[in-house]
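A.B. asks:
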Amino acid sequence: MKVRLGTTEIGLGRYLALWTAIVVVFTVQHYLNAQLGGPRWDVADYLRWSMIQWYTWAALAPLVFRLAALYPIQGPLRLRGLGLQLPASVAMTVLSLMVGAAVSTLFEPSSFLEQVRQFLGQHFATGFLTYWALFAIQQALSFHAEKTRREREASQLATELAQSRLQALKSQLQPHFLFNTLHAIATLLKEDALTAEDMLLRLSDLLRAFLEDYDGQEISLRRELVLLDLYLGIQGVRFKDRLTTRIYVDPATLDCAVPSLILQPIVENAIRHGIGERVGTDQIEIESRREGDSLCIEVRNRNSTLEEKAPGAASTGHGIGLSNTALRLRELYGDAAQVRLDMIWPQGVVCRVQLPFRETEDIEDDPEIASA
0 MKVRLGTTEI GLGRYLALWT AIVVVFTVQH YLNAQLGGPR WDVADYLRWS MIQWYTWAAL
60 APLVFRLAAL YPIQGPLRLR GLGLQLPASV AMTVLSLMVG AAVSTLFEPS SFLEQVRQFL
120 GQHFATGFLT YWALFAIQQA LSFHAEKTRR EREASQLATE LAQSRLQALK SQLQPHFLFN
180 TLHAIATLLK EDALTAEDML LRLSDLLRAF LEDYDGQEIS LRRELVLLDL YLGIQGVRFK
240 DRLTTRIYVD PATLDCAVPS LILQPIVENA IRHGIGERVG TDQIEIESRR EGDSLCIEVR
300 NRNSTLEEKA PGAASTGHGI GLSNTALRLR ELYGDAAQVR LDMIWPQGVV CRVQLPFRET
360 EDIEDDPEIA SA
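For the sequence shown, numbering that gives the first Met the number 0 gives the first residue as 0, with consecutive numbering after it.
#1: As an exercise, report each continuous beta strand (DSSP E) stretch of at least 3 residues that is fully enclosed by the stretch 232-304, in chain order.
#2: Measuring alpha carbon to alpha carbon, tell me which residue in R222, R339, G347 and A256 is nearest E284.
#3: S109 bridges to which residues according to DSSP?
#4: Quick check on the DSSP output: the alpha helix (DSSP H) that includes Q28 runs from which residue to which?
#5: Who pairs with V338 in a beta bridge, going by DSSP?
#6: Grouping DSSP H, G and I as helix and E and B as strand, with all else coil, what is T147?
#7: In angstroms, rounded to a whole number, what distance separates the CA positions of G10 and K146?
#8: For the alpha helix (DSSP H) that contains R47, what are its first and last residues?
#9: Can you name, in chain order, every residue of its own chain whose Cβ lies under 7 Å from the Cβ of R301, other than the five neighbours on each side?
#10: CB-CB under 8 Å to T180, same chain, minus the five flanking residues each way: which ones, in chain order?
#11: Between T324 and D254, how many whole angstroms is the CB-CB distance? I'm expecting something under 8 Å.
#12: Among W48, L262 and I261, which one has its Cα closest to the Cα of Q117?
#13: Judging by CA-CA distance, which residue of R13, F238 and L35 is the nearest neighbour of T186?
#14: As a quick exercise: from Y54, R241, Y247 and A251, pick the residue whose alpha carbon is nearest that of G275.
#15: Please report the Cβ distance between W18 and W40, rounded to the nearest whole angstrom; I am assuming they are in contact, meaning their Cβ atoms lie under 8 Å.
#16: Along the chain, where does the beta strand (DSSP E) that runs through E217 open and close?
#17: What does the Cβ neighbour count give for Y247, buried or exposed, with the cut at 16 atoms within 10 Å?
#18: Hey, how far is the Cα of L272 from the Cα of T243?
#19: Going by beta-carbon coordinates alone, are A269 and R357 separated by less than 9 Å?
#20: Once DSSP output is grouped into helix, strand and coil, what is the label at T129?
#21: According to the neighbour-count rule (16 or more other Cβ atoms, all chains shown, within 10 Å of its Cβ), is R3 buried or exposed?
#22: Over what stretch of residues does the beta strand (DSSP E) that includes R357 continue unbroken?
#23: Rank L205, V349, M0 and V63 by C-alpha distance to the C-alpha of L177 and give the top, closest one.
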């Protein structure tokens, strides 16, 4: 059984224990005052008087909490609440004294009216303060509950906002890649219909994998490499012998969690700014390794360069893939992840991605990753 105090519920046993503690405290106080020179009575008498006084308030406390919740002293209705609470506090105090006097007549030889006069003289001030103490407790509990509710709602809104941002960033990658691939297929249709058909089949497999993984923000590196293999197959058909790939994967990193579609836009960016803009051949290298508590992934291409900017010149940028990758990492991991571009010797550019190392429960078979 529970006692409801406003929006708070407390077990009946604990509730009675709290009021019993108050009874004992006041019994000891009255007894000690008597020992210091006041009128002396038996300890049982002091205990009975305290029980009558405070158990009466225990019975009235739920009503006090109800009144405090209905007419709080806050907000634009502060004066209205105060105007209602003042007479309510007087009325509740008088009611507690009347109840106490009625119960006390069962144990005392004096009449009810005499008991009322005694209770009014001895306990009115204490009862009045008791009402306002209960009112203050209810207001504090109400403020705490409201604060907790708002913090919970703010946390939920922040989570939903982050998820919306991540989904928006992720959705931008797929149309971008799809547009580039369809453009390549349209070009090949005039030159090599069989090759264009092969690219369409590979694109179908890749899009199916995209749809299967779309709802998740993180997958294992193992599954991410499967998606990348499908993409590299399409680019291999497109560029033929001009493009080769090498993948070096530390087996200990295969089950590490990575953002889904994290590698495809980086590799696409490397191809676009490498062999896509320059004559000759290119080699794309993907490497993963663990460094302490971090997962390090590098995507290197040998036929690219980072052009130095003149002071005050606008950045040439590196495509939607790299910018979205940086934004997704910031949303998912904050400062615990980073992505950057560096030059490599003797020629080429490397994109370095660093993530917190955290294994997933994804235990699919190892992907067959082709090296062109």
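No residue lacks a Cβ here, since even glycine has one placed at the ideal position from N, Cα and C.
C.D. replies: Taking the definition as stated:
#1: 242-248, 256-258, 281-290 and 293-300
#2: G347
#3: Paired residues: none, contrary to the question.
#4: L11 to Q34
#5: V352
#6: helix
#7: 24 Å
#8: V42 to L69
#9: D281, Q282, Q346 and G347
#10: M198, L202 and I233
#11: Wrong, their Cβ atoms sit about 21 Å apart, outside the cutoff.
#12: W48
#13: F238
#14: R241
#15: No, W18 and W40 are not in contact; Cβ-Cβ is about 22 Å, not under 8 Å.
#16: E217 to S219
#17: exposed
#18: Checking the displayed sequence, the identity of residue 272 turns out to be His instead of Leu. Roughly 15 Å between the two C-alpha positions.
#19: no
#20: helix
#21: exposed
#22: Looking at the DSSP string, R357 is not in any beta strand (DSSP E), and its letter there is neither H nor E.
#23: L205
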